[in-house]
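Line by line, the protein sequences give chains D and A. The opening residue of the first sequence carries number 1 in the working numbering; numbering runs sequentially from there. The opening residue of the second sequence carries number 1 in the working numbering; numbering runs sequentially from there. Structure record follows, encoded as C-alpha cells.
Protein chains: 2
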Amino acid sequence: MQPVAAADITAEGGAAPSTIPGPRPLEPLGVEVPSTVPTHWYNLAADLPVPVPPHLHPGTHEPLGPEDLAPLFPMALIQQEVTTERYVEIPQTVREIYAMWRPSPLVRAHRLERALGTRARVYYKYEGVSPVGSHKPNTAVAQAYYNAVEGVMRLTTETGAGQWGASLSMACALLGMTCEVWQVRASYDSKPYRRMQMETYGGICHPSPSDLTEAGRAMLAKDPDTTGSLGMAISEAVEAAVKDPGAHYSLGSVLNHVMLHQSVIGQEVLVQLAEAGERQADVVFGCAGGGSNLGGLTFPLIGQNLREGTTTRAVACEPAACPSLTQGEYRYDHGDVAGLTPLLKMHTLGNDFVPPAIHAGGLRYHGMSPMVSHAVELGLMEAVAVEQDDAFAAGIEFARAEGLIPAPESTHAVAAAMAYARTSASDGEVVVIGLSGNGVLDLAAYSAYV
Amino acid sequence: MQPVAAADITAEGGAAPSTIPGPRPLEPLGVEVPSTVPTHWYNLAADLPVPVPPHLHPGTHEPLGPEDLAPLFPMALIQQEVTTERYVEIPQTVREIYAMWRPSPLVRAHRLERALGTRARVYYKYEGVSPVGSHKPNTAVAQAYYNAVEGVMRLTTETGAGQWGASLSMACALLGMTCEVWQVRASYDSKPYRRMQMETYGGICHPSPSDLTEAGRAMLAKDPDTTGSLGMAISEAVEAAVKDPGAHYSLGSVLNHVMLHQSVIGQEVLVQLAEAGERQADVVFGCAGGGSNLGGLTFPLIGQNLREGTTTRAVACEPAACPSLTQGEYRYDHGDVAGLTPLLKMHTLGNDFVPPAIHAGGLRYHGMSPMVSHAVELGLMEAVAVEQDDAFAAGIEFARAEGLIPAPESTHAVAAAMAYARTSASDGEVVVIGLSGNGVLDLAAYSAYV
C-alpha cells in the first residue's frame, strides 16, 4: 500500500471537471440492482377499457404520426408514446442508474399517525432521495439513454423553477451528453440554486427569452423587460433542437412515455406494501401538476384494480389556484401558449390561462397529462383541490412529525391525506402519500408561510 | 369508505403547526427497525492501548467531574463522555427514529471508478439521506432523547452555517421539545436557508451576538457591527442554558459522546461491506472538522483492527486552510475563543486561530475531537490536508459521475480518495469515502468555483 500524500491531491491529479474520459457510458456495468427495482415499466394503456385519445397534429388535426415527432424525440420514445403493450423492458443501464437511489423508501408514518390520532396506517413513498431531490430523474435518465443510443449527444429542454432542468442535466452528465436548458427568466433571476445545480452537473442554462433563438429574439423585441413564461421557454428549446440535426428535445411531464417511466414509483409501492404485510393500498394521494408523479404512483395500482379486482382509490391533489382536473374542461388543447405543440386531449384551463404565482411551481400548468385526464374521465381516479395555506400547514405538521420537509408540490397530497386520515379513514385503512420530493430548495416558501 | 371532499382540507381540519398533540413521544412505537441499524453504539475507548486523556476543568486544571458538567448536560451523556464500555445500548426510541433514514446507503461508485480508470473498488457511505442532509441528526436525536428522559424540555445550542442547528431543531420537533439556536451573525445574514429549515421544524434562531444574553450584550457594546463568531455563539448558548434550570446545552461535534453516537456510520459500513462480499475496507477517507463524521465512520473499523487484526487504514482529510491535525500542536486547549470551556487534549491551531472563510464551514474549527487527536497520536489514523480548489474539482467530478453533489466538507474526503484511487490503489483494493452530507444548500459555493 502507498502512503497518502498531500502532493497526490492536486488539481492535475485530482480532477478534470469538464469531461468524463473513456467510452460513452451506455453499456451496463454489471451492477447488482435490488430486486424491488422493476425490470419493466408498466403501461396503464394496456388495461384501460377505453383507449387513450390520440394526440393530434396542430395543423391538420389528424392523429400524429411518428414522422411528426421524429425531429424532437428518438424513435424508442415515439413508440413508447403510443404503445399499448402492458410492460416495456427497462434497459439494464437505466436500471443500474436507478439503483443509485431506487427503490425509493416506502415509510410507515408512525409519528404522523400519532399526531393525527388516526387508526389508519399511513405510508409515504419518498422520491426526495434522488440526487436532485424529486421524482424527475426517473424519466430524465430514460430519455437521455434512448437519445444516446440513437447517437444524439445534445438535449434541449425548458424549465420553470428548475427541477426538471437539474434532473436532465444530471442524466446527461451520467451518460456523457450535453444538456441545454432554457429557464423562465423570472425563476432564473429569483431562484439561483437550481441553475447552480444544473451548472454543477455541466448543464448550460439560459434565461428565457434569450437572444439565442428566433422565438426568443422576437419576444425580446416585443417586450425587452419580459420575465418569460414556460410556453416561451418551450418554444426556444424546441427551436434549438429542430435547428440542430444532432440535438433532440426532452419534456419532463404530461406525455405518455413520461407516465410510463414514472411507473417505477407505483410498482415499487406494490412490492413494498406486500413486504410490509399489507393486502392493498386503500387510498393513494398524489399531487397533480403535469401528472407525472401522480401517474407514476397510481397507474400500477389502478391497473391492479382493473386486472385483479383490488379496490385502491387514487386521489389527484391539485392546487386550488390551478384546478385543471376539478374546474377545467376535458377537450383537445395545446400544451403551450403559442399553440405550436400537438393537441392533447386533457383537462385544461385553456392554454392562455396564467396560473397565479403559487409556491408549488411544479403544479402551475394549465393542462394535465392526457392519461391522467382519461383515467379521471373513466372514473378510475378522483380529484380534489387544495388551498396553498392548507398545503403549507400540512407540510409543516408533517415535517415536525416525520422529520422530512416535503416539497411544496407534495404538500398538496400530504394535506389531503392528513385530512382524510384525521376525519374519514376507518380503522386499519392503508393510506399512501406520494411524496414527490423534498422542500430543501423551497425553504423560502415555507418561511413566507411561517 | 368516505369520499374525499375539498371541505375536509381546511386550516382547522388540516393542521395545528405549533404543537404536536398527545403524550410526549419518548416511548417506542413498535416500529420494525432494519437489522443493519446497530443496536448499540461502539466506543473506541474500550479498545485503545492508551486511555484518552481526560478533559480538565478550566479553572483548576483537574479532571472534570460529573458535577462540573451537570448544569449543561443530562447525566446519561456525562456518563457516556467518560465511559470505557465497548458498547452502549441505543434506546429503542432513538433506533426507531434512526430507521427513518438508516441504514444510510453504502454505494459502489462504479461510474466514478470508470472515470478514474481505477481497478480499486470504491464505495461511498452517504449520510446525505437524513432529513437535513448530513450526519448530524445521528447525535442530535440521541442528545435530545436523553435530555427529554430527564425532563429537560428546552435545548440551546450554537451553529455556524446552520447544519447543526437544523439537526437539533428537527430532533427536538420529533421529541416534542423546544430548540433555541444562536447562529453566527455572518451566516444568519448570508445563508438564510438553514435558518428557514430550523424555523420550519419549530426551532428559534437568533443571530449572535444577540441582546438576549449578557455575553451577547457585552460583545455588542464593544462592537455593535460585529458579524459574530462560533466562540461567541457558544458563550450565548451556554449562558442561556445555565440560567434556565429547565434547559440544557447541546454540542454537535468534538466531544466523546458525539463520537459514540456517530459510530452507527462505521458499524453499518462493516455490515454493508460484508453483505457486498468484501473482506475488509482497505482505506477509508473521512473529512475532518470537529471530527464527528470522521470518528463515527472510522472508529468501528479501527476497533476491528485492534481486536481482530484487520488492516484498514483510516485517513483524516482536513482543509489546508485549517490544518489542525497536520499543522497543529497536540496539547490541552480550550474549545472556545473566550477560554470558558473545559480544556481538551487535542490537535489545535490555538483557540485564537481564525480560520479563513472557506466554503466548507463545517471544517472551520481550530481544534479537533480529543478521541480523533488521540487516535492520530497513537498512529491509528493518518491525516492529509486538501486545498479548497482541489476539493471542489473533485466534488464536481464526483457529481458528474455519480449524480450526487457532495457537501463542501465531504469533497475533502472525495478529493483524497480519488487521488489515491487514481494513482496509488492496487487492483481490487477496497476504498471507502465518507460522504458526510449533500451540497444542495451549498450550491452557491460550487457556483463560485465553477
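Beta carbons are placed, not taken as given, at the ideal position from N, Cα and C, and that holds for glycine.
DSSP-derived helix/strand/coil call for D:Met153: coil
message: Let me make sure I understand the geometry here. Which of D:Trp41, D:Leu325 and D:Asp189 has the alpha-carbon closest to that of D:Tyr98?
response: D:Trp41
- request: Check whether the Cβ of D:Glu96 sits closer than 8 Å to any heavy atom of the ligand NAD, and report yes or no.
  value: Judged by which ligands are present, the structure shown has none, so any question about the ligand NAD falls away.
- prompt: Shorter than 9 Å from the beta carbon of A:Met100 to some beta carbon of chain D?
  reply: yes
message: Just verifying my parser: in three-state terms, what is the DSSP assignment at D:Trp438?
response: According to the sequence shown, residue 438 of chain D is Asn rather than Trp. D:Asn438: strand per DSSP, three-state reduction.
For D:Ile204: DSSP bridge partner residues: D:Glu180
message: Please list the terminal residues of the continuous beta strand (DSSP E) segment that includes A:Val384.
response: Glu382 to Val386
- request: Measuring only between beta-carbons, confirm whether A:Val269 sits less than 9 Å from chain D.
  value: no
message: Quick check: the Cα distance between D:Arg114 and A:Met100, rounded to an integer number of angstroms?
response: 16 Å
task: Could you say if the segment 320–327 of chain A and the segment 350–365 of chain A meet the contact criterion of at least three C-beta pairs nearer than 8 Å?
output: yes
field: Per-residue contacts from D:Gly202 into chain A (C-beta, under 7 Å)
entry: Arg400
- request: Please check if any C-beta of chain D sits within less than 9 Å of the C-beta of A:Lys345.
  value: no
query: Does the beta carbon of A:Met196 sit closer than 9 Å to a beta carbon anywhere in chain D?
result: yes
message: Suppose you measure from the CA of D:Glu318 to the CA of D:Gly128; what does that come to, to the nearest Å?
response: 19 Å
message: Residues in the same chain with beta-carbon distance under 6 Å from A:Ile204, minus the five sequence neighbours each way, listed in chain order, please.
response: Glu180
message: Do A:Gly350 and A:Glu329 have their beta-carbon atoms positioned less than 9 Å apart in this structure?
response: yes
query: Just curious, the alpha helix (DSSP H) that D:Met170 is in, first and last residue?
result: Gln163 to Leu174
Where A:Val440 meets chain D, residues with beta-carbon distance less than 7 Å: Gly133, Val440 and Leu441
task: Spell out whether any CB of chain D is found under 9 Å from the CB atom of A:Tyr193.
output: yes
query: Buried or exposed: where does A:Val107 fall if 16 or more other Cβ atoms within 10 Å of its Cβ makes it buried?
result: buried
- request: Would you give the residue range spanned by the beta strand (DSSP E) that A:His248 belongs to?
  value: Ala247 to Tyr249
- prompt: Starting from D:Ala233 and walking both ways along the alpha helix (DSSP H), at which residues does that stretch end?
  reply: Leu230 to Lys243
- prompt: A:Val122 by DSSP, collapsed to three states: which one?
  reply: strand
Own chain partners of D:Pro71 with C-beta closer than 6 Å, once the 5 adjacent residues on each side are dropped: Val242
message: With three or more beta-carbon pairs closer than 8 Å as the criterion, would you say the segment 235–254 of chain D touches the segment 267–285 of chain D?
response: no
message: Could you pull the DSSP bridge partners for D:Ala314 from this structure?
response: D:Val284
task: Could you tell me whether any Cβ in chain D is nearer than 9 Å to the Cβ of A:Gly403?
output: yes
- prompt: Which term fits A:Met381, buried or exposed, when burial requires 16 or more other beta carbons within 10 angstroms of its beta carbon?
  reply: buried
message: Any beta carbon from chain D within less than 9 Å of A:Pro17's own beta carbon?
response: Residue placement at A:Pro17 cannot be trusted, given a pLDDT of 37 that sits under 50; what the coordinates show is reported in the next sentence. With 9 Å as the cut-off, A:Pro17 counts as an interface residue toward chain D.
message: For D:Leu112 and D:Ala419, which I take to be in contact (beta-carbon distance under 8 Å), what is that distance rounded to the nearest angstrom?
response: Wrong, their Cβ atoms sit about 13 Å apart, outside the cutoff.
- request: Find the nearest neighbour of D:Met170 within the set D:Ala144, D:Pro192, D:Thr159 and D:Gly151, judged by alpha-carbon distance.
  value: D:Ala144
- prompt: By Cβ distance, which residues of its chain are closer than 7 Å to D:Gly295, with the 5 residues on each side in sequence left out?
  reply: Met259, Gln262, Ser369, Met371 and Val372
- prompt: In whole angstroms, what separates the C-alpha of D:Gln80 from that of D:Tyr332?
  reply: 21 Å
message: Measuring straight from C-alpha to C-alpha, what distance separates D:Thr36 and D:Gly252?
response: 24 Å
message: Can you give me the C-alpha to C-alpha distance between D:His412 and D:Phe392, rounded to a whole angstrom?
response: 8 Å
task: For the alpha helix (DSSP H) holding A:Tyr332, just list the boundary residues, first then last.
output: Note, A:Tyr332: premise wrong, no alpha helix (DSSP H); beta strand (DSSP E) at Glu329 to His334.
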